[in-house]
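Take the sequence shown: its letter number 104 is residue 103 in numbering that gives the first Met the number 0, and every next letter is one higher.
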Amino acid sequence: MLAVMIVYAQGGNPLNIGFILQVAIISAISSFGIAGVGGGATIASLMVLSALGLPVALAGVLISIEPLIDMGRTAVNVSGSMVSGLVAGRFMKQVDDDVYNSEDPDTKISRAV
0 MLAVMIVYAQ GGNPLNIGFI LQVAIISAIS SFGIAGVGGG ATIASLMVLS
50 ALGLPVALAG VLISIEPLID MGRTAVNVSG SMVSGLVAGR FMKQVDDDVY
100 NSEDPDTKIS RAV
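Structural data, given as structure tokens:
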């Protein structure tokens with residue numbers, strides 16, 4: 000995303016298919032060692048920008064708002080994990096609907112343990 004914004008700010012065309020493929024390939028390769036590292040998006044963006052020959056100094060904008068972006072990304076990941084766990088549990092018929100729909104928080108804890 001940062002590379003697209005910077006290319007557009009530099010007067011380039013971020014919708015060029017060649018540029019999109021370059022960003023996708025470089026991002027995929029550079030993200031192998033970044034997964035699970037706190038603030039890894041900043042490091043990955045520095046690698047992508049330098050590989051594309053774009054000004055790395057503009058990544059300072061990302062550093063200032065990265066914690067907010069990271070919180071949103073984490074919320075989406077946790078939500079997806081909870082939904083996929085529930086779907087898998089329902090598919091395998093291991094979800095007790097009475098406990099799941101119960102208003103009593105003690106019921107959920109005691110039956111889960």
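Here a beta-carbon is modelled for each residue, glycine too, at the ideal position from N, C-alpha and C. None of these values were measured; they are calculated from a predicted model.
Check, Outcome
"So what's residue 65 in DSSP terms, helix, strand or just coil?", "helix"
"Please report the distance separating the alpha-carbon of residue 68 from that of residue 97.", "37 angstroms"
"Quick one: residues in its chain with C-beta nearer than 6 angstroms to the C-beta of residue 26, no 5 flanking neighbours on either side, listed in chain order?", "47"
"Helix, strand or coil for residue 25, going by three-state DSSP, please let me know.", "helix"
"Determine, using beta carbons only, whether residue 61 and residue 2 come nearer to each other than 8 angstroms.", "no"
"Here's a check: name, in chain order, each residue in its chain whose Cβ is nearer than 7 angstroms to the Cβ of residue 80, leaving out the five neighbours to either side.", "none"
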